[in-house]
Structure formats: structure tokens, C-alpha cells
Amino acid sequence: MNETSASAQPGPAQPGPMPQNTAPAAIANPIVAFRNVAIAFDGPPVLQDISFSVGPEETRILLGPAGVGKSVLLKLTNGLLRPDQGSILLFGNEITTMPEQKLFPLRTRTGMVFQEGALFDSLTVRDNVAYQLIGERVPDDEIDRRVRDALRFVELEETFSLYPASLSGGMRRRVAIARALIRQPELLLYDSPTGGLDPVTSTTIIELVMKERDVYRTPSILVTHRLQDAFTLCTHRFDAEQGRMVPLPKGQTDPNTTFLMLEEGRLIFDGSIHDLVRSQNPFVREFLE
Amino acid sequence: MALDTVDRTAKQLVHTVQDYSLFAYRAAMNLFRPPRYWPEFLVQADIIGWGSTSIVLLSGFFTGGVLALQSAATLSAFGATAITGRFVSLTMIRELGPVLTGVMVSGRNASSMASELGSMVVTEQIDAMRALGVDPIRKLVTPRLFACISMLFFLTILADAFGILGGSFVTIFMNHQDGTQYFSTAWESLRYPDVIQGLVKPLFSGFIIASIGCFYGMRTSGGTEGVGRSTIDAVVISSVLIIVADFLLTQVLLSLFSSL
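Residue numbers (the numbering used here), protein chains in the order written: chain U, 1 to 289; chain Z, 1 to 260.
Structural data, given as C-alpha cells:
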């Protein structure tokens, strides 16, 4: 099966000059809010003093080298991990001390795409995508319709009856995106959705992330260490009429897509792409260059 | 330095026991709260029950046969070969049936539970399940726990029956003794306390096999190598615990029945 989409490959986009600073201001009702969060696993802290927010319709791109704690931060967001210090608000609920049983209903309002897809090997694509719906005892006809809609969104309708073992790495990620989207979540968490994929497949995945951002306006946190993916998200938009992503006019960037950067467990940058490229922080400069 | 190591190991042991106790409690209590995953229970009952039937029948049959061979050799010295049936049936029903079935099922199923759940942990499928709002203990562990308990009960009955049959085969065809005498002494010597003892033990063994197998599977770390470690730990610890529990239960049940 072809991994590429009909869309054009984006060039190595760099943002042009921006008239004003778009660094995120304090958000009144954040979807997610981290306040001085720290966590350690039998050793030195993995994350410390992390504070940031995700507002409605906002896409936060979390940058940083491998092993810096990006995936840990994402798992803290929906309570898969508990912090040692600080507080995390998800949809206005303090989740750091919330019992696991109370977290389950909260998590159903989020969608998460794992690094390798994390599809259930023993289930077909249909059952993987419909996992939550099956648990909610939704009628089979409705499940089939909604699964086909979700698979159509990721352009993988033909995989309906296949098992994950017969899918390529890129297709698994796309099925994982379909699974995360099927209940139209209020927050999406992408854990390195393009990690380990070839550039063409990565572009297909980024286009899907952009499609979700621009069509459904779902707030999200996207973890990546690929700058090109991050810049593509900032400098392109999804054109629903053409069914593909198109570059924004020169000098324009998506105002709702902003950046976070981690270095050795600390958040060293929180701002717009223009702040990022102008940053004088040596680590940011080294990362960008 | 040595004291530090002892201190750390002791803390780890206490921590593991605490984690296991909470894990097993949650898994058991889930049966009394919805949602209950009956299809998963039936799938696991099939895997554990039907899947283990052949090894349990074979091991039961040949253990009964060995018992008859060994006991006949010893009993003949006292001219008491007539009670071979009694010896085989009591030993199979009270001790060897439950313990042997537990150990055989542990080797097959504690390992498969640990490796299956361990693989799911290292490929983030367990995290994905939690992220989708499904409790993996309720969905994966509770059905395995109750399937294992219920199936081990029936597998033990089968092992007992085939053990007695194996003993009869040796008695009749190899020792050339009277089959009717074998079965009548086997039947007449049995008392309710013997049967109750034999049927209570597999309930505990089933709990140990599934809870230990799932516990070590769910706490797997360190990739595929970690899955291997979890599998070994699950089989070794569940097998040892089955024998330890058998000893303690025998002591308790013997005291209980002797006081009645």
C-alpha cells in the first residue's frame, strides 16, 4: 500500500519575519496546565520545575533531544505517570492526586498517539480503532460506520479487516491516529508520531496532524525531535477543498501553533516560532542549527 | 556496604510484597463491581482449561501409575498389596493431584500470562489501554484470575481421576492384581475431608498462578529481555508458592478436620 498522500512535499520551510510577538499569554481556562512539575525514577530528576499551559485550539510542539523527558511529560499530561511535585490540571481537574479509577473517564476525553502506535496485536484494525466504542457497547452498525469515517480521515479505509502485524510502521501510526480521533477528543497527545519513519511517510503523518488541527481545531501537544516537522506545522495549513496541506503566505505562521523546548529535564523555551528562531539561548541555537 | 545491600534488598522485597498485595486485591475485588468482561473470562477459561487438559491428564495418569508401581513394591513386603488402590486414591486426591496440576498449569499459564502482559507493557499497549480509559487490571487480570481459579478446580478433578486410572492400569496389567479390589479400596477409603482438602487447594493454586503471572507481566521493564525475566520469575515464584501454600493449607485443614 502506498504510504504517500496526494499532497505536495513541503520544502524545508523557515518562517519569515513576523510583525508581533505571538508568545502565549496566560490562558484563562487552559485545557492543560502544568505548575512546577517534577518527576524522578530511582535517580536524578527526569523533569523539574515544568510550568506551561495549553489553551483551547492551541497546538504545542514539544522539542528536545532524545531522552530529555518529552514522552514522560506527555504521559504526565493524562495521568499515565504521577509527578513527585507540582500540580497538573486537565480540563480544570487536578489529576496529580486523583485515584486511577476517576482518571479513566477523564482520559476518554483525550486521544493519545504512541511512538510506535501501540496497536493491540490480537485485534483487527477495526477493533483497534473501535476499542472505546466496543467497551461502551455501541451498536455494531454504528461502530463500523464510525471506524470507516476515522479510517477515511487517515486514508486507510482498506485496512479495516487487517491485523496490525500486516501494516507498515507508517500505517500503524495512521491507524493509531484514527483510534485517537474516533471519539472526537477534547485534547490530542502525539508522542513522536514521525519517529523512525522515512521523510515521505513523516510528511503524510504531519499532514494528518495538521488536518486534525485545522479541521477539528482540537488542542494538542506534539512531541518531536524533528525540526522540519515542527516548522511544517507552523508554516502550512490544511486546505480542505484541495484535500492537502498548502504553505501559508510568506511571513505568516499558524498563530495557534507554539513551541516548548526541554533541556536536561527543564523547560528552557516557551513561545512562538519567531521567538524560537530569534532565541539567543545557546542550547536552542545549537538545536536549531 | 554489605549492610546497604541487605537493607536495599529487604526494602525491595517489602515493596514487592506490598505492590503484589494491592494488585491481587484490586484484581479480586473487580469481580464485584461492573463492568465485567465475561467474553475475556470465557477466552481465558478456554486457554487455561481446555489448553492445559492434555498435560494435566498425561501427568496425572503417569503419576498414578508410578504411585501404584512404587507402592506395590513396598506393600508386597507386608503382604498388603490389596490396599494399593487406597494408597493411590488418597495420595492423588489429597496431595499429588492438586499440587501436580498447580505446578503443570503454572509452567504453562503463569509463563504465558507474564510474557503476554509483559510484551504488552514494553510495546506500550497497556499504557494505550489506560489512555483509552480502560482499566487493564479489570480487563486483563481479573478474567485471567477467575478463569484460572475455576479451571484449576476442574483440572484437578480430572488429574485425580486419571491418576486413579493410571494406578489401576499398572495394578491390573503390570502387577496382575484384581481391578475390582483396586477400585473398591480406592472408593471406600475416601472420606469427605479428603475430598474437601483436595478441592480447596486448587482454588488457592489458581489464585497464585494467575495473580503472580499477571503481576510479573504488568511490572515488566527493560524491553524483550525484561519479558524473559518476568516469565522466569512468574514460573519460579508461582511454583514455589503453590508448594508452600499446599503445606500451610494441609496443616490448617488437617487441624480443622481433626477438631471436628
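Here a beta-carbon is modelled for each residue, glycine too, at the ideal position from N, C-alpha and C.
Computed from a prediction, not measured in an experiment: that's the story for all the values here.
Below-8 Å beta-carbon distance, residue i vs any chain U residue
i	result
Leu253 of chain Z	no
Within-8 Å CB hit, residue i to chain Z
i	result
Glu116 of chain U	yes
Pro24 of chain U	With a pLDDT of only 47 at Pro24 of chain U, under 50, the local geometry of the prediction cannot be trusted, and no value is derived from it.
Ala13 of chain U	Residue confidence is low: Ala13 of chain U scores 43 on pLDDT, short of 50, so the model does not pin down where it sits. Its coordinate-derived value is still stated next. So, not an interface residue.
Leu80 of chain U	yes
Thr108 of chain U	yes
Gln132 of chain U	yes
Gly135 of chain U	yes
DSSP three-state assignment for residue i, whether helix, strand or coil
i	result
Thr53 of chain Z	helix
Met245 of chain U	strand
Val134 of chain Z	coil
Gly271 of chain U	strand
Ile39 of chain U	strand
Ala118 of chain U	coil
Thr110 of chain U	strand
Tyr190 of chain U	strand
Thr59 of chain U	strand
Gln85 of chain U	strand
Ala66 of chain U	coil
Phe259 of chain U	strand
Ala24 of chain Z	helix
Ile221 of chain U	strand
Ser89 of chain Z	helix
Ile31 of chain U	coil
Arg191 of chain Z	coil
Ile237 of chain Z	helix
Asp178 of chain Z	coil
Ile172 of chain Z	helix
Ser168 of chain U	coil
Arg36 of chain Z	coil
Pro105 of chain U	helix
Glu136 of chain U	coil
Pro99 of chain U	coil
Gln228 of chain U	helix
Gln70 of chain Z	helix
Val200 of chain Z	helix
Proximal residues to residue i (C-beta, below 6 Å), its chain only, five neighbours per side dropped
i	result
Phe257 of chain Z	Pro193
Arg179 of chain U	Asn128, Val129
Val147 of chain U	Arg126, Val129, Ala130
Gln115 of chain U	Asp191, Ser192, Gly195
Phe34 of chain U	Ile50, Ser51, Phe52, Ile88
Ile126 of chain Z	Met120, Pro136
Arg94 of chain Z	Asp194, Gln197, Gly198
9 Å Cβ cut-off: residues of chain Z touching residue i
i	result
Met112 of chain U	Asp127, Ala128, Ala131, Leu132
Phe120 of chain U	Met120, Gln125, Ala128, Met129
Contacts of residue i in chain U (Cβ-Cβ under 9 Å)
i	result
Lys135 of chain Z	Residue 135 of chain Z is actually Asp in this sequence, not Lys. Glu100, Gln101, Phe104, listed in chain order.
Whole-angstrom C-beta distance between residue j and residue i, which should lie under 8 Å
i	j	result
Gly163 of chain Z	Gly60 of chain Z	4 Å
Ile31 of chain U	Phe259 of chain U	17 Å between Cβ atoms; not a contact.
Thr224 of chain Z	Leu155 of chain Z	So it is not a contact: roughly 31 Å between Cβ atoms.
Ile83 of chain Z	Thr185 of chain Z	6 Å
Asn109 of chain Z	Gly217 of chain Z	Rounded, the Cβ-Cβ distance is 11 Å, inconsistent with contact.
Ile208 of chain Z	Ser230 of chain Z	16 Å between Cβ atoms; not a contact.
Gly102 of chain Z	Ser205 of chain Z	3 Å
Tyr182 of chain Z	Gly85 of chain Z	4 Å
Cβ shell of residue i (< 7 Å), same chain only, five flanking positions each side left out
i	result
Gly196 of chain U	Gly169
Leu208 of chain U	Val154, Arg174, Ile177
Ile143 of chain U	Ala130, Leu133, Ile134
Arg82 of chain U	Thr96
Leu74 of chain U	Leu189, Asp191, Ile221, Val223
Close Cβ partners of residue i (< 8 Å) along its chain, the five nearest in sequence each way excluded
i	result
Ile268 of chain U	Met261, Leu262, Asn281, Phe283, Val284
Asn93 of chain U	Leu106
Leu248 of chain U	Thr235, His236, Arg237, Asp254
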